[in-house]
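In this note's numbering, the protein residues as written are 1 to 284.
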């Protein structure tokens, strides 16, 4: 079942990327869409969870603090990603996010002492190489202004921290709280953070398309996180995170070719070949 959950997480994560692409194409306000997205995710999580006896459970404060920090970082990361694409270009932004998977991998191997094999190490190394090859060419990106150079750095660290936070939940809190309860809290704090920002900006209003795409994003975003948590229960994090990242980029490249008329260069095709080998090594 572990690889089924992993596959479903990759599928829903891929759908998240496609919905974000539509949002970008239609020039919608990203934060407004994200606020609706997190509200929908909270509502689905709350109504699909058994809350009986929840108030009697111990350890509420640590898990709520953990959820609040991750909720803030989740929505902050989306906003930084959007800003970085605008100011630094797609290639640099994607590279920063994808390379951040070293954080949860190191956490899994060093802190939680997951088993290390030669095949696993080779698969992880190949995954980094293939991800670097698969992102759009950095040479084609606009010159990065110094004041915006911090954005990819923030992306790298925040993406790594949020992914690591999911692994920490699986290891430290999953015996006390189920996935839906955790995601209810996490997405609530993300919704709260986004709502406060919109109120401060006096932009707490929503267009019809922002509501529609917010609902769509909320559903796929929730289940991408839900299934990766289930996968982490059964498969080592050092395998889950590179496999999900590779699957998203691998499948996303072909979807880009078919639906968005993208034209991968030779370097990206080499990256796809290496990604295939890496996936085989990680699964084996």
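Every residue gets a Cβ at the ideal spot worked out from N, C-alpha and C, and that includes glycine. Keep in mind that this is a model prediction, so the values were computed, not measured.
Report the rounded CA-to-CA distance for residue i versus residue j, giving the unit in angstroms.
{"i": "residue 219", "j": "residue 210", "result": "14 Å"}
{"i": "residue 64", "j": "residue 110", "result": "26 Å"}
{"i": "residue 78", "j": "residue 242", "result": "20 Å"}
{"i": "residue 107", "j": "residue 26", "result": "38 Å"}
{"i": "residue 202", "j": "residue 131", "result": "39 Å"}
{"i": "residue 222", "j": "residue 245", "result": "17 Å"}
{"i": "residue 17", "j": "residue 192", "result": "23 Å"}
{"i": "residue 215", "j": "residue 208", "result": "11 Å"}
{"i": "residue 121", "j": "residue 115", "result": "11 Å"}
{"i": "residue 256", "j": "residue 14", "result": "11 Å"}
{"i": "residue 11", "j": "residue 252", "result": "10 Å"}
{"i": "residue 6", "j": "residue 247", "result": "10 Å"}
{"i": "residue 133", "j": "residue 100", "result": "15 Å"}
{"i": "residue 194", "j": "residue 183", "result": "16 Å"}
{"i": "residue 168", "j": "residue 61", "result": "15 Å"}
{"i": "residue 87", "j": "residue 50", "result": "44 Å"}
{"i": "residue 112", "j": "residue 156", "result": "22 Å"}
{"i": "residue 299", "j": "residue 206", "result": "Nothing can be reported for residue 299, as the shown portion of the chain is limited to 1 through 284."}
{"i": "residue 263", "j": "residue 271", "result": "14 Å"}
{"i": "residue 261", "j": "residue 177", "result": "44 Å"}
{"i": "residue 233", "j": "residue 4", "result": "12 Å"}
{"i": "residue 21", "j": "residue 85", "result": "12 Å"}
{"i": "residue 238", "j": "residue 269", "result": "25 Å"}
{"i": "residue 266", "j": "residue 83", "result": "29 Å"}
{"i": "residue 172", "j": "residue 254", "result": "37 Å"}
{"i": "residue 170", "j": "residue 212", "result": "32 Å"}
{"i": "residue 175", "j": "residue 240", "result": "20 Å"}
{"i": "residue 98", "j": "residue 279", "result": "15 Å"}
{"i": "residue 93", "j": "residue 52", "result": "43 Å"}
{"i": "residue 80", "j": "residue 154", "result": "8 Å"}
{"i": "residue 281", "j": "residue 259", "result": "30 Å"}
Since I believe residue j is in contact with residue i (beta carbons under 8 Å), could you give me their beta-carbon distance rounded to a whole number of angstroms?
{"i": "residue 23", "j": "residue 33", "result": "6 Å"}
{"i": "residue 2", "j": "residue 235", "result": "4 Å"}
{"i": "residue 152", "j": "residue 231", "result": "Actually they do not touch by this definition, with Cβ atoms about 27 Å apart."}
{"i": "residue 158", "j": "residue 76", "result": "6 Å"}
{"i": "residue 8", "j": "residue 227", "result": "4 Å"}
{"i": "residue 229", "j": "residue 179", "result": "5 Å"}
{"i": "residue 74", "j": "residue 164", "result": "Going by Cβ atoms, the distance from residue 74 to residue 164 rounds to 13 Å, so no, they are not a contact pair."}
{"i": "residue 31", "j": "residue 198", "result": "6 Å"}
Would you kindly report the start and end of the unbroken alpha helix (DSSP H) that includes residue i?
{"i": "residue 45", "result": "30-47"}
{"i": "residue 77", "result": "60-88"}
{"i": "residue 163", "result": "150-168"}
Residue i by DSSP, collapsed to three states: which one?
{"i": "residue 207", "result": "coil"}
{"i": "residue 178", "result": "coil"}
{"i": "residue 112", "result": "coil"}
{"i": "residue 117", "result": "coil"}
{"i": "residue 285", "result": "Absent from the structure is residue 285, since the part of the chain shown begins at 1 and ends at 284."}
{"i": "residue 27", "result": "coil"}
{"i": "residue 235", "result": "coil"}
{"i": "residue 52", "result": "coil"}
{"i": "residue 261", "result": "coil"}
{"i": "residue 201", "result": "coil"}
Using only the heavy atoms of the ligand PLP, determine whether one of them is closer than 6 Å to the beta carbon of residue i.
{"i": "residue 280", "result": "You won't find the ligand PLP in this model; it holds no ligand whatsoever."}
When you compare the stretch 274-282 with the stretch 108-128, are there three or more beta-carbon pairs, one atom per stretch, that lie closer than 8 Å? Flag = yes, the stretch 274-282 and the stretch 108-128 touch.
For the stretch 35-44 against the stretch 184-198, are there 3 or more C-beta pairs whose distance is under 8 Å? The stretch 35-44, when compared against the stretch 184-198, does touch it at the 8 Å Cβ threshold.
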